[in-house]
Amino acid sequence: MLIRLFAVPSEVPFGAWLVGRKGSLSAGVQYKPLSGSKYPMPFTELENWNYAISYGVGSTSPLSPSFIFSLELARSTQLTASFYQHLVVQRRVKNPFEDDQVVGITNYIDFGLELAAKVDKDKVSGDGNSFQLAASWQANKNFLLKVKYFYLFVRPLF
1 MLIRLFAVPS EVPFGAWLVG RKGSLSAGVQ YKPLSGSKYP MPFTELENWN
51 YAISYGVGST SPLSPSFIFS LELARSTQLT ASFYQHLVVQ RRVKNPFEDD
101 QVVGITNYID FGLELAAKVD KDKVSGDGNS FQLAASWQAN KNFLLKVKYF
151 YLFVRPLF
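Numbering-wise, our numbering puts 128 at position 128 of the sequence shown, and it's gapless, one number per residue.
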């Protein structure tokens, strides 16, 4: 088995990424070249780059509510906007499935949606625009319900 850590000068790296964060705002860029590129150093080809930015508010603890909104431009052809909401609902009720000393129930509710749209009108592809919606509800430590809806648009959104 041969492992090379550095590419020869005529080759490009397999991929690289850079991510930064300032407060609640995160941004990143990824270089991931397509196989069979026309140029030996395809850094100027826009389809080899992915960009993303996100804004999130809330704690990283699962016991606190939070939300995240993000935008991603993939290979200069697809723009994806997504939103994720995490809610925590604590109630002081008697849970019949728990011991007598447990006097509360914590419910976790997650909700997410994603809208992906083609932005490159010149290239015709089998992939269309899509809309996804997902939700989960954890009623207690033994029960988790998940639902997902996916819809694929064939016509352009813009």
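Just so it is clear, CB atoms sit at the ideal spot from N, CA and C, and this is done for glycine as well.
Using beta-carbon positions only, say whether residue i and residue j come within less than 8 Å of one another.
{"i": "residue 86", "j": "residue 66", "result": "yes"}
{"i": "residue 115", "j": "residue 81", "result": "yes"}
{"i": "residue 128", "j": "residue 113", "result": "no"}
{"i": "residue 34", "j": "residue 48", "result": "yes"}
{"i": "residue 149", "j": "residue 133", "result": "yes"}
{"i": "residue 198", "j": "residue 93", "result": "Absent from the model: residue 198. The displayed extent of the chain is 1 to 158, so no value can be given."}
{"i": "residue 77", "j": "residue 120", "result": "yes"}
What's the call for residue i, buried or exposed, on a 16-neighbour Cβ count within 10 Å?
{"i": "residue 62", "result": "exposed"}
{"i": "residue 96", "result": "exposed"}
{"i": "residue 118", "result": "buried"}
{"i": "residue 145", "result": "exposed"}
{"i": "residue 79", "result": "buried"}
Helix, strand or coil for residue i, going by three-state DSSP, please let me know.
{"i": "residue 114", "result": "strand"}
{"i": "residue 18", "result": "strand"}
{"i": "residue 46", "result": "helix"}
{"i": "residue 32", "result": "coil"}
{"i": "residue 24", "result": "coil"}
{"i": "residue 144", "result": "strand"}
{"i": "residue 59", "result": "coil"}
Tell me where the beta strand (DSSP E) around residue i begins and ends.
{"i": "residue 131", "result": "129-140"}
How about residue i: is its C-beta nearer than 8 Å to some C-beta of chain D?
{"i": "residue 114", "result": "The question asks about chain D, but that chain is absent: this structure has only one protein chain."}
* In chain order, which continuous runs of the beta strand (DSSP E) of length 3 or greater are located wholly inside the segment 61-97? -> Counting only runs of 3 or more, we get 66-74, 78-91.
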